[in-house]
Each structure stands twice: as C-alpha cells, then as structure tokens.
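S.K.:
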Amino acid sequence: MIAFMGEALIDLIGSSNSEGQPCFYYYSGGCALNAATAAARLDSDVLYIGKLSSDMFGKQMQEYFSANNVKMVPKFQDVRENSMIGFAKLDAKGAATYSFYIDGTTVTVLTADEIVEAIEPLATLRYLHVGSVSIALDSSGEQILSALKRLKARPFVFFDPNVRPSVIGNFETYRKRVVEVARLASLIKLSHEDLELLFPDSSVKDGISCLLELGASHVVLTKGKDGLQWISKSGLDIRVPAIDNPIVDTVGAGDTVSGALLTYLEEHDIGIGDTVTREQATEALEFAAAAAAVTTSRKGANPPRRSEIAYSI
Numbered sequence: 007m008i009a010f011m012g013e014a015l016i017d018l019i020g021s022s023n024s025e026g027q028p029c030f031y032y033y034s035g036g037c038a039l040n041a042a043t044a045a046a047r048l049d050s051d052v053l054y055i056g057k058l059s060s061d062m063f064g065k066q067m068q069e070y071f072s073a074n075n076v077k078m079v080p081k082f083q084d085v086r087e088n089s090m091i092g093f094a095k096l097d098a099k100g101a102a103t104y105s106f107y108i109d110g111t112t113v114t115v116l117t118a119d120e121i122v123e124a125i126e127p128l129a130t131l132r133y134l135h136v137g138s139v140s141i142a143l144d145s146s147g148e149q150i151l152s153a154l155k156r157l158k159a160r161p162f163v164f165f166d167p168n169v170r171p172s173v174i175g176n177f178e179t180y181r182k183r184v185v186e187v188a189r190l191a192s193l194i195k196l197s198h199e200d201l202e203l204l205f206p207d208s209s210v211k212d213g214i215s216c217l218l219e220l221g222a223s224h225v226v227l228t229k230g231k232d233g234l235q236w237i238s239k240s241g242l243d244i245r246v247p248a249i250d251n252p253i254v255d256t257v258g259a260g261d262t263v264s265g266a267l268l269t270y271l272e273e274h275d276i277g278i279g280d281t282v283t284r285e286q287a288t289e290a291l292e293f294a295a296a297a298a299a300v301t302t303s304r305k306g307a308n309p310p311r312r313s314e315i316a317y318s319i
C-alpha cells in the first residue's frame, strides 16, 4: 500500500467564460490528492491520510477519492473545519502561481497522535508520500515531522517539498523543517525551482549532494521541458527527456510524476536501502514522463489511467 499525507484542497483556477467575463473553475486538487489519484489510476493500492471537511468542497473531494479508488481514514471524514482553497492563475505557458486560503481549514488540524494512530495498524503500508503546503505550514508541518519521528516501523518516505513561498512564514524555520524531513526520507523529488529556493547559495549539483548527505538514497529532479533526472547515493545520474507534446497547462504534472514513481517502486518491490539499477531508474523516469505528458495535455490536474499511457513497465 502507498499512503499520501498532506493537503487535499479545492483549486480555483482563474479563466474567462464564453462571453469573455472573468470566472473561476473549481477542481479537487492539492499535492497529496493529485499524487494519490495518479497512483490509484495507475492501479496502486492507495490510502489518503488527511482530514476532509463536511462542507460542499469536502464532500466533493470525498466523492472524488471514492471514484478514483483512493481509500480514506473514516475518522478523518466529514470534520467541521472548512476545506482549504488554492486560487491559481495560469500564465501564457500554462504554469500556475497560487494564493491559498488556509487558516482554520482541515490541513491545519491533523495532529501527530492522529497520524501515528492511523499509520501504525497498517500492516501492508510500504510507502508514505509527504510534502508541499502541509510541510510548509508550521501548524501541520511540525505535527507531520513529529509523527514521522515517532513511527515504530517507518515506511519508505517519499518527500516532495514542492516549495510554496506564499505560505511560508519564516523561511529559515521552514528550511530547518525540510532538512529534518529529508533526514527521514528515502527518496526526495523536487523541481529545479525548489532546489534554488532551498539552497540559494549553492549550485544544483551541490544542493543535490546536500540532500543525499542528509540521508536520502535517491533524488529525482523535475526540469519541466528538460525532463527528469535521477541521482543516487550509489552514483547513478540518469536523465530522461520530457515527451514533446502540446501543453494545455502544467497543473498536477509534478504530482503525476510522484504517483507514477511510487507505483513503479511498489511494483518492483524497491524498499528502504535497496539498490536501484540504471535500468530501473531509466524505466521509472520514462514511465513518469509518459504519465506527466498526458496530464499536461489536458486542463487541470487530471492524471492518466494505465490504459492512457503509451509505456508499459
């Protein structure tokens, strides 16, 4: 089983209607929701660990999870806090910038005790995805970090910082938390932009080396149109180009990469401390690139199903 812990939210994406008037379209979204959906649509056994509101948006997300075969924690459903909302603006190339409504929402009220109680009984859990806004916020980030440290049998931790400067209070406090989570991670997936924000005075190579020195065995770097790169402590440095196809927008592309990589790891039984071969790393990246290409070819975070990917593993 693969579990995804973090924010499930509503993306309000600015656009215009048929009459040219400004409007918002709303979609179920968030790093954890998108990545969980990506893995589930690729036929992985998936659990979402996070609270979901009883409000209209929370109901929508619960229905979305159910429709995509993502399991939920029953006691975390229909809570009284409101859903988190992300306002997104797309540029001419389809890249999104975000502003978030966070205070008092579901993402801020999950405690370390609740996380540990949800995870420890899961005998089949092997992989745990964490990251993004839920790590950036002090309220949720400290609870997740505390829970990770307390787990008696920690699964393979897949960490996606997905740095969102607009929600970070004190950047040095945030950076220290990222370092602590990185120490517990087996694989860290991040973008070129994330790396520059986390290590502004270092080269890309030095930033990656720092993450590996903290304890991770693998780093996967997403580079947009330049594709994906897998660097490992064992000396691997694999690059795979992005698939050249028309891009509608890039919302959810990185999360699709995460879901696809985790699906590959699970299907090939790659666990904590296991060696990844050159062939496996290449195949995993090609699979993730193929999945992301489908997501970017259509509007919003809409990851592909297995049958839509022109690549088999």
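Start counting the sequence shown at 7; every next residue gets the next number (my numbering). The beta-carbon is built from N, C-alpha and C at its ideal position, and this holds for glycine as well.
1) I believe A101 touches T256 by the beta-carbon criterion, under 8 Å. Please report the beta-carbon distance rounded to the nearest angstrom.
2) Give a yes or no on whether the C-beta atoms belonging to D61 and N88 are separated by under 8 Å.
3) Taking P171 and L203 to be in contact with their CB atoms under 8 Å, please state how far apart those CB atoms are, rounded to whole angstroms.
4) Out of K81, A296, G265, point me to the one whose CA is closest to I8's CA.
5) Helix, strand or coil for P247? Go by DSSP, reduced to three states.
6) Tell me which residue opens and which closes the alpha helix (DSSP H) that F293 is part of.
7) Contact defined as beta carbons within less than 8 Å: I believe I194 pairs with L157. What is the distance between those atoms, to the nearest angstrom?
8) Give the single residue among F164, A287, A42 whose Cα lies nearest to the Cα of S192.
9) Rounded to whole angstroms, how far is the Cβ of L18 from the Cβ of F93, which I believe are closer than 8 Å?
10) Do V115 and K57 have their beta-carbon atoms positioned less than 8 Å apart in this structure?
11) Is N88 helix, strand or coil by DSSP?
12) Checking the sheet assignment: what are the DSSP bridge partners for T103?
13) Which class does K34 belong to by DSSP, given the choice of helix, strand or coil?
14) Which same chain residues, not among the five before or five after G175, have their C-beta less than 7 Å away from its C-beta?
15) Am I right that T112 and V85 are in contact with their C-beta atoms under 8 Å? What's the rounded C-beta distance?
16) Please identify the residue among S146, L134, Y133 whose C-alpha is closest to the C-alpha of D109.
17) Are the CB atoms of R189 and L220 within a distance shorter than 8 Å?
18) So what does DSSP say about T281, is it helix, strand or coil?
19) By a C-beta neighbour count over all protein chains shown, 10 Å radius and 16 as the cutoff for buried, is P206 buried or exposed?
20) Count the other CB atoms, across all protein chains shown, that sit within 10 Å of the CB of Q27; report buried if there are 16 or more and exposed otherwise.
21) On a CA-only basis, which of I244, A248, M67 is nearest G233? Give me that one, please.
M.R.: Considering the structure as presented:
1) Taking the sequence shown and counting its residues from 1, one reaches residue 101 at position 95. Taking the sequence shown and counting its residues from 1, one reaches residue 256 at position 250. At roughly 5 Å, the Cβ-Cβ gap stays under 8 Å, so A101 and T256 are in contact.
2) Position 55 of the sequence shown, counted from the start, is the residue given in the question as residue 61. Position 82 of the sequence shown, counted from the start, is the residue given in the question as residue 88. Result yes, Cβ atoms of D61 and N88 sit closer than 8 Å.
3) Locating residue 171 in the sequence shown gives position 165, counting from the first residue. Locating residue 203 in the sequence shown gives position 197, counting from the first residue. About 7 Å; that satisfies the 8 Å criterion.
4) Position 2 of the sequence shown, counted from the first residue, corresponds to residue 8. I8 has its Cα closest to that of G265, out of K81, A296, G265.
5) Taking the first residue of the sequence shown as position 1, residue 247 is located at position 241. Looking at P247 - three-state DSSP - the assignment turns out to be coil, as it is neither helix nor strand.
6) Residue mapping note: residue 293 aligns to position 287 of the sequence shown, counting from 1. Looking at the DSSP string, the run of the alpha helix (DSSP H) that includes F293 is 284–302.
7) Numbered from its first residue, the sequence shown carries residue 194 at position 188. Numbered from its first residue, the sequence shown carries residue 157 at position 151. 18 Å between Cβ atoms; not a contact.
8) In the sequence shown, the residue the question calls residue 192 occupies position 186. Out of F164, A287, A42, F164 has the C-alpha closest to the C-alpha of S192.
9) As a first step, residue 18 must be located in the sequence shown, where it is residue number 12. As a first step, residue 93 must be located in the sequence shown, where it is residue number 87. Right, the Cβ-Cβ distance comes to about 5 Å (below 8 Å), so this counts as a contact.
10) Working through the sequence shown from its first residue, we reach residue 57 at position 51. Working through the sequence shown from its first residue, we reach residue 115 at position 109. Taking 8 Å as the Cβ cut-off, K57 and V115 qualify as a contacting pair.
11) Stepping through the sequence shown from its first residue, residue 88 is reached at position 82. Note: N88 maps to strand in three-state DSSP.
12) Along the sequence shown, read from residue 1 onward, the residue named residue 103 stands at position 97. K95, per the DSSP bridge assignment.
13) Indexing the sequence shown from 1 puts residue 34 at position 28. Before going on, a small fix: residue 34 reads as Ser here, not Lys. Of the three classes helix, strand and coil, the one that applies to S34 here is strand, per DSSP.
14) Within the sequence shown, the letter at position 169 stands for residue 175. Only D144 meet the Cβ criterion.
15) Translated into positions along the sequence shown, residue 112 becomes position 106. Translated into positions along the sequence shown, residue 85 becomes position 79. Yes, T112 and V85 are in contact; Cβ-Cβ is about 6 Å, under 8 Å.
16) For the purposes of this step, residue 109 is identified with residue 103 of the sequence shown, where counting begins at 1. Among S146, L134, Y133, the Cα nearest to that of D109 belongs to S146.
17) Taking the first residue of the sequence shown as position 1, residue 220 is located at position 214. Taking the first residue of the sequence shown as position 1, residue 189 is located at position 183. Yes, the Cβ-Cβ distance between L220 and R189 is below 8 Å.
18) Within the sequence shown, numbered from 1, the residue matching residue 281 stands at position 275. Three-state DSSP puts T281 in coil, outside helix and strand.
19) One-based indexing of the sequence shown puts residue 206 at position 200. P206 comes out exposed.
20) To locate residue 27, count along the sequence shown from 1; it is residue 21. Burial call: exposed.
21) Counted from its first residue, the sequence shown places residue 233 at position 227. That would be A248, whose Cα lies nearest to the Cα of G233.
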